[in-house]
Structure formats: C-alpha cells, structure tokens
Amino acid sequence: MTEARLSERELAQFHDKGWIVPRWELPQDLISEMRDEYAALLARNSGISSDIILAPHQTKGGSMGVIGSEKWLSFATHPGLVSIARQLIGDDIILWGTTIFGKPARSGKETPWHQDGEYYPIRPLRVLTIWIALDDVTPENGPMRFIPGSHKGQKLHSHSWVEGDDKTINLVCDPQHYDESTAESLILKAGQASFHDVYMIHGSQANHTDRRRAAFIVRLMPATSVYDHALGAEIGKRHPAQGYGVRPLYLVSGRDRAGNNFSIGHE
Ligand SMILES: O=C(O)CCC(=O)C(=O)O
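In our numbering, the protein residues as written are 219 to 485.
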C-alpha cells in the first residue's frame, strides 16, 4: 500500500496550484463504512437537506441541529490524513470543522465560486481543507473545480451575497478575480482525497445525473493560529446555521502553540 506521505513533487504541486490529490488513498473498506454511516446520518436527520450537512462529527447540539456521531471524528482523524496534513501545515493541528456535501442525484445543488477563508474566524487565516470522495466523481456529477494558483498572494478577494436556494452557499467570489476557463475539475475515484489551501478559489456545478457525488470534508488549522469564537459569532450572523461561535475544537496533533484555543467551546 502507498505510504501516506507526499513526495517532493506532490508538495511542490500543492504550493504551485493550491491543492494536491496524493497518490495515497483511503482504504475501500473505510469508504464503505463511511457510506454506511452517511446513510445512517441521513436517516437520523431526515428533515435536513442532504446537499450540505454541517459538522456531522458533533454529537451534542451540532450546527443546523444535525445529530452527528463520533465516527465522523475518527474518520476525520485517520492517521493517513493527519500524516499528510502535518507535511502541509506543520505538526500542531486542530480540527475545527467537518461537512458533508451530498450532491444528490438529479437535484444536487451548485456550490458557487468562493474562497473558504472568506467564511472562517481563524487568525492568522490558515486552514487546510481535505475533500474526501465517498462516491466516484465524474465530469458530469458535479466535480470540484479549482482555479490553479488562485491561492498565491494569500489574499481574500471580494465576495457578494447572491440570493437563491439553488446553491449550497450564498457568498460568491466576484468574477473579476478569476478566469473560469482555467478551472481544473477533480475527477476522483471514491477513496481519493484532495487537500486544498484556504485561499484557493473553487466551486462545483449542479448534479443533474443519476449518480450521487457525496464528499466528506475535513477542516484543519495549524495550532499556531487562533479560532476566534467571538469573531465566529459575528461572521455567523450571516450564516447562522454554521454555529461558528460555538464550534468545539479538537487537538489532533502536537500542541496548542497559540496557547488560547481551548478557552471556550472545546471538548
Ligand atoms: O463539495 C462541494 O461541491 C463543495 C465543497 C467546498 O466548496 C468546500 O468544502 O470548501
């Protein structure tokens, strides 16, 4: 089995393009366990749209009222994922979020172009997003689309609020900041994962096919940064479902170097 370690070349691609899909993949038996757990999660939360399920790893009073399970925390902290994350953001790592974008067959909503960092109460703003394919991703069923190099300069660009419940998120990157014709689609097999930078512009189109395209997303920060719950509550006024003001934090590797991350809302 391939070692969960990025080569020099893979590291160089992460820095150059803003993401990497490692040769290493999650084991297929774990992916089928995740799919079963996803089916159970949907059954437990039948009132919540499967397009986006926030923080399934939270078991108590999760965001959106989702009744999650600890299994998602163990999936999110799989040693292979943490090993690669260490290479990208250092040895001291805090998990502060997970999401499942379900992209159901036929009606899966678009995720408009955005930078993750526009939403996050983390300062200095450094986050690594791990996107794990639970289903095979085809060019048609709404693959992630990345704008190569858009993370360079580590700058947040202007976003505008675009109304409509045909999308998973409403804060959309203004079009002058990227050239859509340069976008690269991530065509992945279930079990493959991409790791992307918090400043990279990305999105995904609607799914009109008969094949679901679900993904489990893990959001990690280096423990040299601070998750600011007060700022989270402020940002959360526009995104109340996110529960940014009360997100629990989990130290998954090393130490809390910032020293004050575990003063509120942690478990
Ligand atoms: O899965 C998708 O289509 C969108 C996911 C995304 O934008 C994210 O996790 O940052």
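All residues carry an ideal CB built from backbone N, CA and C; glycine is no exception. In this text, all values refer to a predicted model and were calculated from it rather than measured experimentally.
Three-state secondary structure assigned by DSSP to residue i
i	result
T400	helix
W242	coil
E485	Because E485 carries a pLDDT of 48, less than 50, the predicted location of this residue cannot be relied on, and no value is offered for it.
G477	coil
S225	coil
M439	strand
G308	coil
E381	coil
D254	helix
I350	strand
Y462	helix
S287	coil
V444	strand
R341	strand
H457	coil
V300	helix
K235	helix
H332	strand
L374	coil
I365	coil
A451	helix
Proximity below 7 Å, CB of residue i to CB of residue j
i	j	result
H275	G286	yes
A303	L352	no
I348	A273	no
R437	D310	no
Q246	G409	yes
W331	G463	no
S301	A401	no
R341	V444	yes
Q333	I271	no
I165	F434	One cannot answer for residue 165 here, as it falls past the ends of the chain, which runs 219 to 485.
L299	V470	no
S268	P322	yes
H488	D397	Residue 488 lies beyond the stretch modelled for the chain, which goes from 219 to 485, so this question has no answer here.
H377	H395	no
beta-carbon residue i near ligand 1 non-hydrogen atom, thresh 6 Å
i	result
D334	yes
I205	This structure leaves residue 205 out entirely; the chain is present only between 219 and 485.
S422	yes
T329	yes
F319	yes
T347	yes
Of the residues the options, the one placed nearest residue i, counting alpha carbons only
i	options	result
L423	V355, R227, A230 and A294	The identity of residue 423 in the sequence shown is Gln, whereas the question assumes Leu. Here the closest residue by C-alpha is V355.
R431	F319, I307, E221 and S225	F319
G335	G450, F480 and V470	G450
Y337	R363, M252 and A459	A459
A448	G461, T442 and A441	G461
L406	R363, K373 and P342	R363
D383	K370, E328 and P322	E328
D254	K289, D446 and L343	K289
E226	L306, A261 and I270	L306
N479	V470, I453 and D446	D446
A294	K278, V284, E251 and L260	E251
Y417	V390, K373 and N388	K373
A476	A441, R456, H457 and Y468	A441
Sequence-distant residues of the same chain with beta carbon closer than 6 Å to residue i, five excluded per side
i	result
N359	N425, T427, R429 and R431
Close-in-space but distant-in-sequence residues of the same chain around residue i (CB under 8 Å, 5 per side omitted)
i	result
G367	D234, K235 and G236
Other residues of its chain near residue i: CB distance less than 7 Å, five sequence neighbours each side excluded
i	result
I453	Y337, P339 and Y462
C499	Given that the chain is displayed from residue 219 to residue 485, the structure contains no residue 499 and the question cannot be resolved.
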